[in-house]
Amino acid sequence: MIHLRQVCLVAGALAPAVSALRDVLGLPVAHVDPAVGKFGLENTLLTLGSQFLEVVAPTRAGTAAERYLDRRGGDGGYMVICQAGDRDAQDAVRANARAAGVREAYFSDRGTWNVCQFHPGDMRATFLEVDWDTQGEVAGNWMPAGGLEWQAAGSAPGAITAVEIQGDDPAALAAHWARVLGTRAEGPEAAPTVALANATLRFVADSDGRGPGLGGLDLRLPDPAAARLRAEAAGLGHPEGALICGTRFRFLAA
1 MIHLRQVCLV AGALAPAVSA LRDVLGLPVA HVDPAVGKFG LENTLLTLGS
51 QFLEVVAPTR AGTAAERYLD RRGGDGGYMV ICQAGDRDAQ DAVRANARAA
101 GVREAYFSDR GTWNVCQFHP GDMRATFLEV DWDTQGEVAG NWMPAGGLEW
151 QAAGSAPGAI TAVEIQGDDP AALAAHWARV LGTRAEGPEA APTVALANAT
201 LRFVADSDGR GPGLGGLDLR LPDPAAARLR AEAAGLGHPE GALICGTRFR
251 FLAA
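Sequential numbering from 1 applies to the sequence shown in full-length UniProt numbering.
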């Protein structure tokens, strides 16, 4: 099975985006990974349940993140990061991607942990990353968050229940992602979905003029009304929740 474990947002400046997420959602900082510096990035991971919201920002010119910011006209969603239940499941996604003409933008075999990122252009919207590690704990160990380091920092209650990906042809985009993930798209052509083990990928038409990309997230929260009030007080209000780091957040009751 493939679980949604992390969603990455990209910002022109790291600190304001992280502060907004912390102020509105009360998320603790789980991990800061200096290794992303080799990609010309800095990052911070925040914990929601046993999932993570990551923000990355470029630290030098010419990075993929900077090009993505330019293409989409500012801050926004960047990566859908999943956890494969075992190495065979990861290998199956890699094979599906090759069959669909999707290139691997980055692959690293670290022995007990493999990272595989698929090219956002070939995915026709945004990065898809599928990782695997020997422990296979979908609610526990997660190497991008420092293994179990995140547990010491605590976690805000809740979950990421859906990722909204936008494009010119939602049905074709959903079918493409479903093929890579080894499943099928369901639902109406205007907003088809692809089910993961613990979340849903929802595909919609580009309605904000920013082009294909990761446009929104659904969050299950213990008190969505309070989160909405905090968003409004911070000037980040949105009809269904908040607009943070160029991303629509929809707040749902637990």
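Here a beta-carbon is modelled for each residue, glycine too, at the ideal position from N, C-alpha and C.
{"Item": "Reference Leu173; option with closest CA among Ala156, Asn198, Thr193 and Gly182", "Value": "Thr193"}
{"Item": "Whole-angstrom distance between Leu4 and Leu27, CA atom to CA atom", "Value": "18 Å"}
{"Item": "Residue span of the alpha helix (DSSP H) that contains Trp132, given as start and end", "Value": "No alpha helix (DSSP H) holds Trp132; the beta strand (DSSP E) holding it covers Phe127 to Asp133."}
{"Item": "Cβ neighbour criterion (16 or more within 10 Å) applied to Tyr68", "Value": "buried"}
{"Item": "Buried/exposed call for Ala99, threshold 16 Cβ in 10 Å", "Value": "exposed"}
{"Item": "Runs of alpha helix (DSSP H) lying entirely within the region 182-232, each at least 4 residues, in chain order", "Value": "none"}
{"Item": "Closest by C-alpha distance to Asp208, when choosing among Glu186, Leu196, Gly246 and Leu181", "Value": "Gly246"}
{"Item": "Residues that Trp142 bridges to, as DSSP identifies them", "Value": "Gly147"}
{"Item": "Three-way DSSP call (helix, strand, coil) for His176 in this model", "Value": "helix"}
{"Item": "Segments assigned beta strand (DSSP E), at least 3 residues, entirely inside the region 21-81", "Value": "29-31, 41-48 and 51-58"}
{"Item": "Range of the contiguous alpha helix (DSSP H) that encloses Val93", "Value": "Arg87 to Ala99"}
{"Item": "Residues that DSSP places opposite Asp109 in a beta bridge", "Value": "Asn114"}
{"Item": "Three-way DSSP call (helix, strand, coil) for Leu243 in this model", "Value": "strand"}
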